[in-house]
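Trainee:
What follows is the structure in structure tokens.
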């Protein structure tokens, strides 16, 4: 606690080591010429209160993480809530030998993290509706679809509303009550709201790049490869795998 000792430690830390040396370095330099009682505790105290070191040592404040939305943690059948996104373009070889552009239409379940892949030849609302119809036929538990604000999705949502307005007659309404699907768009200019499906886009594209390399497949061949990737991704463990056989 001696003031002279604190000045000596401060001199070594600031002038000799230019705020670079830590406790061990400062102690080593001091012990070459001085013997100080409780030197380590004194050095720690001086370095802890060093204004320059404190300013560069401080960590950025983190915003509190909000809780996950209920559909991310609720126990429900797969794809009860579904996120939809496009990825691509992916080149393919057409029957005439030319090169066309195809796109991945990805359906992601937020609770089970399962994925379903549809390959479409373009980003039109027509192709999207065809793929959506196939998806709903395979997984009949979907009640809500969430997507970004892509132009094709906005148009598709309007067309779907018109279709359902026509088919919701009293005669068939009871048969459709369990198949009704609501459509939501994430907030404009807030892409992080769709991070839970954007992450799966990278999970799909990484093995696809490794499988394709520089090869250009036909549309059907590319569709088959994506089906295999879908199966592999859906087999991944969702938690850490324990090595202890007793766990």
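In the numbering used here, the protein residues as written are 17 to 263. We put the beta carbon where it would ideally sit given N, CA and C, even for glycine.
Excluding sequence positions up to five away, which residues of its chain have a Cβ less than 7 Å from the Cβ of residue 29?
Mentor: Taking the first residue of the chain shown as position 1, residue 29 is located at position 13. Excluding residues within five positions, the ones whose Cβ falls inside 7 Å are 35, 37, 42, 62, 63 and 66.
Trainee: Tell me, which residues are paired with residue 98 by DSSP?
Mentor: In the chain shown, the residue the question calls residue 98 occupies position 82. Partner(s): 161.
Trainee: Given residue 69, which residues of its chain have a CB within under 8 Å of its CB, disregarding the five upstream and five downstream residues?
Mentor: For the purposes of this step, residue 69 is taken as the residue at position 53 of the chain shown. Once the five neighbours on either side are set aside, the close Cβ partners of residue 69 are 35 and 63.
Trainee: Return the Cβ separation of residue 118 and residue 137 in integer angstroms, given the expectation that the two are a contact with Cβ distance under 8 Å.
Mentor: Taking the first residue of the chain shown as position 1, residue 118 is located at position 102. Taking the first residue of the chain shown as position 1, residue 137 is located at position 121. At roughly 6 Å, the Cβ-Cβ gap stays under 8 Å, so residue 118 and residue 137 are in contact.
Trainee: Can you name, in chain order, every residue of its own chain whose Cβ lies under 8 Å from the Cβ of residue 39, other than the five neighbours on each side?
Mentor: The count along the chain shown starts at 1 and reaches residue 39 at position 23. Taken in chain order, the residues that qualify are 56, 59, 60 and 63.
Trainee: In terms of residue numbering, what span does the alpha helix (DSSP H) encompassing residue 28 cover?
Mentor: As a first step, residue 28 is located in the chain shown; it is residue number 12 there, counting from the start. First-last for residue 28: undefined, no H or E at that position.
Trainee: Buried or exposed, going by whether 16 or more other CB atoms sit within 10 Å of the CB of residue 81?
Mentor: Position 65 of the chain shown, counting from 1, holds the residue named residue 81. Exposed, since its Cβ has fewer than 16 Cβ neighbours within 10 Å.
Trainee: Roughly how many whole angstroms lie between the Cα atoms of residue 157 and residue 94?
Mentor: Here residue 157 refers to the residue found at position 141 of the chain shown. Here residue 94 refers to the residue found at position 78 of the chain shown. Approximately 7 Å, taken between the alpha carbons.
Trainee: Roughly how many whole angstroms lie between the Cα atoms of residue 182 and residue 201?
Mentor: One-based indexing of the chain shown puts residue 182 at position 166. One-based indexing of the chain shown puts residue 201 at position 185. Note that residue 182 scores a pLDDT of 44, beneath 50, so its modelled location is shaky; the value from the coordinates is reported in the next line. In a straight line, the C-alpha of residue 182 is about 23 Å away from that of residue 201.
Trainee: So, with DSSP's three-state summary, where would you put residue 141?
Mentor: The sequence position of residue 141 within the chain shown is 125, counting from 1. Helix.
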